[in-house]
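Visitor: So that we are looking at the same thing, I have put the structure below in structure tokens.
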Amino acid sequence: MNPELFLQLDRVIHEKGRLAIMSALAGTPELSFTELRDTLEMTDGNLTTHIRILQEEGFISVAKSYQNNRSLTTCSLTKAGRKAFTGYIDLLEQIVRQNKP
Amino acid sequence: MNPNWAEENLQTIRTLMERSAVYRRALAPTLIFCGVIGLLSGAFGVWLQCDDALVAIAIWLPAAIVSVAGAFFLMRRQAIKDSEPVWSAPTRRVMAALFPPFFVGGFVSTLFVIVSCARCRCGDNQFLAPLAVILFFSYGCGLHSASQFMPRIIRSMGWQFIVAGCFLSLCLFHDDLRDKSFHLLMGGVFGGLHLAYGIYLYFTEKKNPIA
Chain A
209 MNPELFLQLD
219 RVIHEKGRLA
229 IMSALAGTPE
239 LSFTELRDTL
249 EMTDGNLTTH
259 IRILQEEGFI
269 SVAKSYQNNR
279 SLTTCSLTKA
289 GRKAFTGYID
299 LLEQIVRQNK
309 P
Chain B
643 MNPNWAEENL
653 QTIRTLMERS
663 AVYRRALAPT
673 LIFCGVIGLL
683 SGAFGVWLQC
693 DDALVAIAIW
703 LPAAIVSVAG
713 AFFLMRRQAI
723 KDSEPVWSAP
733 TRRVMAALFP
743 PFFVGGFVST
753 LFVIVSCARC
763 RCGDNQFLAP
773 LAVILFFSYG
783 CGLHSASQFM
793 PRIIRSMGWQ
803 FIVAGCFLSL
813 CLFHDDLRDK
823 SFHLLMGGVF
833 GGLHLAYGIY
843 LYFTEKKNPI
853 A
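In the order they appear, the protein sequences are chains A and B. Residues 209 to 309 (the working numbering) make up the first sequence, in order. Residues 643 to 853 (the working numbering) make up the second sequence, in order.
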């Protein structure tokens with residue numbers, strides 16, 4: 209087994225919660241905070257923390273707007289985020305291939 | 643370290659991507675539309691006061707076709723609006739998950755209707771309550787299976803249909819309940835549940851987008 213591949217995995221994306229957020233956002237143009245929370249069954253605080261980290265890394269963009277006089281927060285993958293996510297998936301696939309007998 | 647973790651991670655990622663991509667914003671209007679069609683069909687059947695198999699087909703087959711066509715139209719409109727492909731990989735997976743239970747339900751229902759038409763006179767409804775049970779079970783199992791790729795509330799809806807099927811199965815042993823109108827059962831359970839879940843989704847999706 210080549211340990212190099214493990215070391216190349218993006219540590220920000222590799223965390224379970226953040227990987228789930230990236231995966232959910234990769235499948236759709238954008239998701240509201242509520243949709244993400246319900247899909248991933250995360251608490252508001254946990255989700256907010258992970259979103260902030262991903263946003264600081266430039267992997268997701270967060271837009272705030274108003275709908276029916278209520279604030280609406282939507283998240284989407286940035287170009288850099290999509291590239292990082294694709295790279296992460298590629299590495300996982302390489303690891304899977306490496307582990308196949 | 644478990645050597646399969648990477649494969650499991652990939653599977654989880656695939657599931658999450660598919661779950662988020664299925665047209666969740668079109669679900670509420672689709673469920674409400676199907677609920678209204680179900681309730682109207684049930685009300686029409688009750689109004690006719692004729693519980694034989696041919697009348698049941700004449701009412702519920704068009705109702706099913708209209709519901710599927712309406713659902714397809716609403717999903718397609720949402721997909722175009724969101725610039726997503728209409729016949730995407732997640733949609734195919736949902737259809738593949740729905741197909742086996744729906745096929746079994748349709749096949750057994752057709753057998754029931756054929757036997758019912760061959761053996762019963764008009765007005766004899768002894769086959770219709772078991773038919774409703776089969777439809778509830780197959781529909782519930784289909785929804786539960788498809789919920790792997792859809793919002794989790796669909797799983798709960800699938801269970802509601804399965805529970806309704808179990809309850810109705812028990813009622814089959816009770817003469818008074820067994821003779822209740824097929825249309826009342828179908829309208830109440832199919833129409834009622836779709837409408838209730840549709841309204842719930844509509845209000846929770848519109849009212850709780852707050853971070």
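From the three backbone atoms N, C-alpha and C, an ideal C-beta is built for every residue, glycine too.
What residue from A/G225, A/G266, A/G235 has the CA that sits closest to A/T286's CA?
Guide: The residue with the shortest Cα to Cα distance from A/T286 is A/G266.
Visitor: Would you verify that the beta carbon of A/I261 is, or is not, closer than 9 Å to some beta carbon of chain B?
Guide: False, the Cβ-Cβ gap to chain B never drops below 9 Å.
Visitor: Rounded to the nearest angstrom, what separates B/W647 and B/C813 at their Cα positions?
Guide: Using only the alpha carbons, I get a separation of about 48 Å.
Visitor: Consult DSSP for A/C283 and reduce its assignment to one of helix, strand or coil.
Guide: Looking at A/C283 - three-state DSSP - the assignment turns out to be strand.
Visitor: When DSSP labels each residue in this structure, what does A/R278 get in the three-state scheme?
Guide: Note: A/R278 maps to strand in three-state DSSP.
Visitor: Under a Cβ-count criterion, where at least 16 other Cβ atoms within 10 Å of its own Cβ denotes burial, should B/V775 be classed as buried or exposed?
Guide: Under this definition B/V775 is a buried residue.
Visitor: Which of the three DSSP states, helix, strand or coil, is assigned to A/S269?
Guide: Correct three-state label for A/S269: strand.
Visitor: Ordered along the chain, which non-local residues of its own chain (more than five positions away) have a Cβ less than 7 Å from that of B/G807?
Guide: Result list for B/G807: V775, F778, F779, G782, in chain order.
Visitor: Have a look at B/T672 and B/A713 and give me their C-alpha separation to the nearest angstrom.
Guide: Spanning the two alpha carbons is a distance of roughly 5 Å.
Visitor: Straight-line CA distance for B/Y844 to A/Q306?
Guide: Near 46 Å, if we compare the C-alpha coordinates of A/Q306 and B/Y844.
Visitor: State the DSSP-derived secondary structure class of B/S823, mapped to helix, strand or coil.
Guide: Of the three classes helix, strand and coil, the one that applies to B/S823 here is coil, per DSSP.
Visitor: Which value, in whole angstroms, describes the spacing of the CA atoms of A/T282 and A/L299?
Guide: Going from the Cα of A/T282 to the Cα of A/L299 covers about 28 Å.
Visitor: Count the other CB atoms, across all protein chains shown, that sit within 10 Å of the CB of A/E243; report buried if there are 16 or more and exposed otherwise.
Guide: When all chains shown are included, A/E243 counts as buried.
Visitor: Check A/L239 in the structure and name its three-state DSSP category.
Guide: Three-state DSSP puts A/L239 in a strand.
Visitor: Do you know whose CA, among B/L827, B/M659, B/I795, lies nearest B/F809's CA?
Guide: Comparing Cα-Cα distances from B/F809 to each of B/L827, B/M659, B/I795, the minimum goes to B/L827.
Visitor: Does B/T657 come out as helix, strand or coil in the three-state DSSP assignment?
Guide: Helix, per DSSP.
Visitor: Just to confirm, are B/G680 and B/G833 a CB contact at a threshold of 9 Å?
Guide: For B/G680 and B/G833, yes; Cβs fall inside 9 Å.
Visitor: Going along the chain, which residues of the region 792–803 of chain B sit with their C-beta nearer than 9 Å to a C-beta in chain A?
Guide: Against chain A - using a Cβ distance shorter than 9 Å - the residues of the region 792–803 of chain B are P793, R794, I795.
Visitor: Does any residue of chain A have a CB that is nearer than 9 Å to the CB of B/L716?
Guide: No, because no Cβ of chain A sits closer than 9 Å to the Cβ of B/L716.
Visitor: Do you know how far the Cα of B/P793 is from the Cα of B/A668?
Guide: Looking at the two C-alpha atoms, the distance is approximately 12 Å.
Visitor: Give me the chain B residues within the contact set of A/A234, using Cβ-Cβ distance strictly less than 7 Å, ordered along the chain.
Guide: Within 7 Å Cβ-Cβ: M659.
Visitor: Is the separation between the beta-carbon of B/I674 and that of B/L837 shorter than 9 Å?
Guide: Taking 9 Å as the Cβ cut-off, B/I674 and B/L837 qualify as a contacting pair.
Visitor: DSSP three-state call for B/G801: helix, strand or coil?
Guide: Sequence check: residue 801 of chain B is Trp here, not Gly. Residue state, collapsed to three classes: helix.
Visitor: Looking at the secondary structure, which residues open and close the alpha helix (DSSP H) in which B/Q691 lies?
Guide: Unbroken run through B/Q691: none, as it is neither H nor E.
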